[in-house]
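Protein chains in written order, with my numbering: chain A, 1 to 266; chain B, 1001 to 1021.
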């Protein structure tokens, strides 16, 4: 009966994942490998960025720098992703019964880790798929942006390369992301114990699910858990890059939701 | 905390239809 409860929890979490994340790993992989039929617009230099932006926005504002255009797109996509992660969190059994302050804390610290996990599914060694506007931005082009903009995405490619070797599918990722959100050691939690209990159930469900879904990889849970520490480091570094951009660029405006999240974060 | 995270708070309560998004 215990295993049946865990399997039912896995199904609930997976269904919440499918209901809330518009671009799944399966869909992203189909597009990246050309199985989906329609190929994305490839953005590989300033000219292709300019063309793509005119295509999506109707006009290209030459007054605006490419770096700012790219970073604003990135911010826009981040806010959408944070909304998706929030809706997903609300569907995780037990999350809604937590104190509202703790729900805020879990999201403040968890949304970026969840987001960078999901973005790994949209990345290959050559670039990242931005399927909301059907484009693929190359890693080499992102590296050519001026500093500190060039440092925004590169560490995420490095993480994705390591994370993607685990070959988790969407049903695994659903539980992995739920475990990231329900983390009992975020700063300032009022009832860490209650959250640890919820995370414990998710981790047990994840363990059982991986055993059934990847019978040939007995150490997969341990490997996946190690990646959670890497994600925390990735987010800390990301917050530093955002501060560097803020300090270096007068024209830069951080979205109010991102401002809230980064303020007093680490 | 909810005071300093008004948009996150709103997202939790009302979803992404909030005008702040």
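Glycine is no exception: its CB is placed at the ideal position from the N, C-alpha and C atoms.
Check: Enumerate in chain order the residues of its own chain whose CB-to-CB distance from residue 235/A is below 6 Å, with the five nearest sequence positions on each side excluded.; Outcome: 112, 113
Check: Bridge partners for residue 128/A per DSSP, in chain order?; Outcome: 123/A, 137/A
Check: Report buried or exposed for residue 73/A, applying the criterion of at least 16 other Cβ atoms within 10 angstroms of its Cβ.; Outcome: buried
Check: Would residue 28/A and residue 91/A qualify as a contact pair, given that the criterion is a beta-carbon distance under 8 Å?; Outcome: no
Check: Going by beta-carbon coordinates alone, are residue 208/A and residue 7/A separated by less than 8 Å?; Outcome: yes
Check: Expressed to the nearest angstrom, what Euclidean distance is found between the alpha-carbon atoms of residue 197/A and residue 182/A?; Outcome: 9 Å
Check: Give every residue of the same chain whose Cβ lies closer than 8 Å to the Cβ of residue 179/A, excluding the five residues on either side of it in the sequence, and list them in chain order.; Outcome: 199, 202, 203, 206, 228
Check: Using a beta-carbon distance below 8 Å, is residue 104/A in contact with chain B?; Outcome: yes
Check: So, residue 21/A versus residue 118/A, is the Cβ gap smaller than 8 Å?; Outcome: yes
Check: Report the option in 239/A, 193/A, 13/A, 161/A whose CA atom is closest to the CA atom of residue 99/A.; Outcome: 193/A
Check: With a CB to CB cut of under 6 Å and the five nearest residues on each side skipped, what residues in its chain are close to residue 94/A?; Outcome: 198
Check: Flag this pair as touching only if the stretch 123-133 of chain A and the stretch 143-157 of chain A have three or more C-beta atom pairs under 8 Å; answer yes or no.; Outcome: yes
Check: Which word fits residue 1015/B, buried or exposed, when buried means at least 16 other C-beta atoms lie within 10 angstroms of its C-beta?; Outcome: exposed
Check: Within 10 angstroms of its Cβ, does residue 256/A collect 16 or more other Cβ (buried), or is it exposed?; Outcome: exposed
Check: Closest to residue 195/A by C-alpha separation, out of 102/A, 35/A, 136/A, 166/A, would be which residue?; Outcome: 102/A
Check: Would you please verify whether the beta carbon of residue 83/A is less than 8 Å from any beta carbon of chain B?; Outcome: yes
Check: Should residue 274/A go down as buried or exposed, given a rule of 16 or more other Cβ atoms within 10 Å for buried?; Outcome: Outside the displayed range of chain A (1 to 266) lies residue 274/A, so it cannot be described from this structure.
Check: Please list the terminal residues of the continuous alpha helix (DSSP H) segment that includes residue 1007/B.; Outcome: 1006-1014
Check: In chain B, which residues lie with their C-beta within 8 Å of the C-beta of residue 260/A?; Outcome: 1004, 1005, 1006, 1007, 1008
Check: If you measure between the beta carbons of residue 258/A and residue 78/A, is that distance less than 8 Å?; Outcome: yes
Check: Considering only residues of the same chain and omitting the five flanking positions on each side of residue 18/A, which have a CB-CB separation below 6 Å?; Outcome: none
Check: Check whether the Cβ of residue 196/A lies closer than 8 Å to any Cβ atom in chain B.; Outcome: no
Check: My output table needs one value for residue 41/A: the three-state DSSP class, helix, strand or coil.; Outcome: strand
Check: Closer than 8 Å, CB to CB, is residue 94/A near chain B or not?; Outcome: no
Check: Taking 6 Å as the limit between beta carbons, can you name the residues of its chain near residue 24/A, skipping five residues before and five after?; Outcome: 170
Check: Which whole-angstrom value is the C-beta distance of residue 1008/B and residue 41/A, which I expect to be below 8 Å?; Outcome: That pair is no contact at about 33 Å.
Check: Mark residue 62/A as exposed unless 16 or more other C-beta atoms lie within 10 angstroms of its C-beta, in which case mark it buried.; Outcome: The predicted model places residue 62/A with a pLDDT of 49, which falls under 50 and marks its position as unreliable, so this point remains unresolved.
Check: Taking all protein chains shown into account, do 16 or more other C-beta atoms lie within 10 angstroms of the C-beta of residue 191/A, making it buried, or fewer, making it exposed?; Outcome: exposed
Check: On the premise that residue 138/A lies in contact with residue 127/A, defined as a C-beta separation below 8 Å, what is that separation, rounded to the nearest angstrom?; Outcome: 4 Å
Check: Going residue by residue through the stretch 146-171 of chain A, where are the continuous alpha helix (DSSP H) segments of at least 4 residues, counting only ones entirely within it?; Outcome: 154-164
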